[in-house]
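Numbering (the numbering used here), first residue to last: 1197 to 1608. Following: one structure in structure tokens, then a few remarks.
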């Protein structure tokens, strides 16, 4: 299999040089076919097709359609009588839905999974995945408490230890010295809040909090509390609100905030839970623009490969892929390459191969180097906001946070 790995590495380098998002071609003679693979290699996908992240789920499903096409085109070039098939299940953006969806895929004998989206979903399926040796590769789960060595969970995005630092620096550089954080009371929300609070206080800032039930049908009581806490700090240029939410709860909070005379006086910030959300832009884009909400999200590095993928994706589906859409495409590719390297559909072996494959893989989201916990090593976060253009509201990037320098570079 070491010989096969060499061929894989060569193919990835060629893909990098050519900038192709659709083809990974071999140099020289064809690689020896792996033995022990079934004619169909199944990969499961746990996607938020409904619920509070549904607009992301739709985009990710499209990315996996492209990934399945591209992986099978690649396998065909190898002359292998193998097809990869991606089976999609809806998690409903809930922990219970994610576990039920995983159990459905597990019952079919599927041992490789891309997704789910939320850290609360990953936490809910972790025990089942580990116990049954099911490899899970999430494109977007970022909760720091899920960074665990030697398990079956991999994440194609950096831990929120880094996003928390980005948010703290962003607010501090904007002159904020007092922030009230309204956040989801789930694994992701609590984890990110704790990181932001620690770092912002290290910088010299003050933090108050409003934690809410992620399943609450409406949040008027919590938004009133938010307003009261902002008033206690003083609704001035040094006070801000940080909203750690998903799409639907974010829409609820923003819709209520626009009617509050205190909350409309202060700066607002958001996170990857809303950044690039088409639902946010369509339903409350005017509010986001009027409040000047700045949101952060992991930034895949720029490359010809990424640009070609974006152009191809937009040509087919009419929208640009967000960073996590790029991540899930690459996660599917890494799982497929790990299967080919393992030479058999054995999740225990595949889990051991993934870090090696990832370290040599340059995809549409860039290098996918994983740390010892199986999380992506990331350095940059884009800062984005909503603006009105040509009669509609769209996301526009305005800056980049560079983690090693703890510095923001603003777009000119």
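Where a beta carbon is used, it is the ideal one built from N, C-alpha and C, also for glycine.
| Between which two residues does the beta strand (DSSP E) harbouring residue 1386 extend? | For the purposes of this step, residue 1386 is taken as the residue at position 190 of the chain shown. Residue 1386 -> not in any beta strand (DSSP E); alpha helix (DSSP H) instead, spanning 1383-1399.
| query | Around the C-beta of residue 1287, are 16 or more other C-beta atoms found within 10 angstroms, so that it is buried, or is it exposed? | reply | Locating residue 1287 in the chain shown gives position 91, where the first residue counts as 1. Under this definition residue 1287 is a buried residue.
| field | Local conformation of residue 1460 per DSSP, three classes | value | Against the chain shown, residue 1460 aligns to sequence position 264. Of the three classes helix, strand and coil, the one that applies to residue 1460 here is helix, per DSSP.
| request: Determine the contact status of residue 1148 and residue 1308, defining contact as a CB-CB distance below 8 Å. | output: Nothing about residue 1148 can be read from this structure; the chain reaches only from 1197 to 1608.
| query | Which residue from 1560, 1475 and 1510 puts its Cα closest to that of residue 1528? | reply | By 1-based counting over the chain shown, the position of residue 1528 is 332. Answer by Cα proximity: 1560.
| query | So what's residue 1474 in DSSP terms, helix, strand or just coil? | reply | Here residue 1474 refers to the residue found at position 278 when the chain shown is read from its first residue. Helix, per DSSP.
| request: Could you tell me the boundaries of the alpha helix (DSSP H) in which residue 1610 lies? | output: Summary: the structure shown does not reach residue 1610, with the chain confined to residues 1197 through 1608, and so no result is reported for it.
| said: Three Cβ pairs or more, each shorter than 8 Å: is that satisfied between the segment 1457-1469 and the segment 1434-1449? | reply: yes
| field | Contact under 8 Å by Cβ, residue 1490 with residue 1460 | value | Taking the chain shown and counting its residues from 1, the one referred to as residue 1490 is at position 294. Taking the chain shown and counting its residues from 1, the one referred to as residue 1460 is at position 264. For residue 1490 and residue 1460, no; Cβs fall outside 8 Å.
| Cα separation between residue 1371 and residue 1430? | By 1-based counting over the chain shown, the position of residue 1371 is 175. By 1-based counting over the chain shown, the position of residue 1430 is 234. About 14 Å.
| message | Tell me the rounded alpha-carbon separation between residue 1538 and residue 1394. | response | Taking the chain shown and counting its residues from 1, the one referred to as residue 1538 is at position 342. Taking the chain shown and counting its residues from 1, the one referred to as residue 1394 is at position 198. In a straight line, the C-alpha of residue 1538 is about 42 Å away from that of residue 1394.
| request: Have a look at the DSSP bridge pairing and note the partners of residue 1616. | output: Past the edges of the chain, shown from 1197 to 1608, lies residue 1616, and the structure says nothing about it.
| said: Check whether the segment 1383-1397 and the segment 1448-1455 touch, using three or more Cβ-Cβ pairs below 8 Å as the test. | reply: The segment 1383-1397 makes no contact with the segment 1448-1455: fewer than 3 CB pairs, one atom from each, lie closer than 8 Å.
| message | I need the straight-line Cα distance from residue 1605 to residue 1493, nearest angstrom please. | response | Numbered from its first residue, the chain shown carries residue 1605 at position 409. Numbered from its first residue, the chain shown carries residue 1493 at position 297. Residue 1605 and residue 1493: Cα-Cα distance of roughly 15 Å.
| task | Report yes or no: do three or more beta-carbon pairs, one from the segment 1234-1248 and one from the segment 1501-1511, lie closer than 8 Å? | result | Inter-segment contact for the segment 1234-1248 and the segment 1501-1511 is absent: fewer than three beta-carbon pairs are separated by less than 8 Å.
| said: Determine whether the beta carbon atoms of residue 1554 and residue 1566 lie at a separation below 8 Å. | reply: Along the chain shown, one-based indexing puts residue 1554 at 358. Along the chain shown, one-based indexing puts residue 1566 at 370. For residue 1554 and residue 1566, yes; Cβs fall inside 8 Å.
| Exposed or buried, which one is residue 1344 when buried takes at least 16 other CB atoms within 10 Å? | To locate residue 1344, count along the chain shown from 1; it is residue 148. Exposed, because fewer than 16 other Cβ atoms sit within 10 Å of the Cβ of residue 1344.
| task | For residue 1324, I'd like the list of residues in its chain whose CB is within less than 8 Å of its CB, leaving aside the five on either flank, ordered along the chain. | result | Looking up residue 1324 in the chain shown gives position 128. Only 1295, 1298, 1299, 1302 and 1330 meet the Cβ criterion.
| query | Around the Cβ of residue 1585, are there at least 16 other Cβ atoms within 10 angstroms (buried) or fewer (exposed)? | reply | Walking along the chain shown from the start, residue 1585 turns up at place 389. Counting Cβ neighbours within 10 Å, residue 1585 comes out exposed, since fewer than 16 surround it.
| Contacts around residue 1520, its chain only, beta-carbon distance under 6 Å, and the 5 residues preceding and following it disregarded | On the chain shown, residue 1520 is found 324 positions in, with the first residue counted as 1. 1335 and 1336.
| Unbroken stretches of the alpha helix (DSSP H), 4 residues or longer, contained in the segment 1412-1459 | 1416-1429 and 1443-1453
| Helix, strand or coil: how does DSSP classify residue 1485 here? | Taking the first residue of the chain shown as position 1, residue 1485 is located at position 289. Here residue 1485 sits in helix by DSSP.
| message | Check for me: the beta strand (DSSP E) holding residue 1238 runs from which residue to which? | response | The residue given as residue 1238 occupies position 42 in the chain shown. Note, residue 1238: beta strand (DSSP E), 1236-1243.
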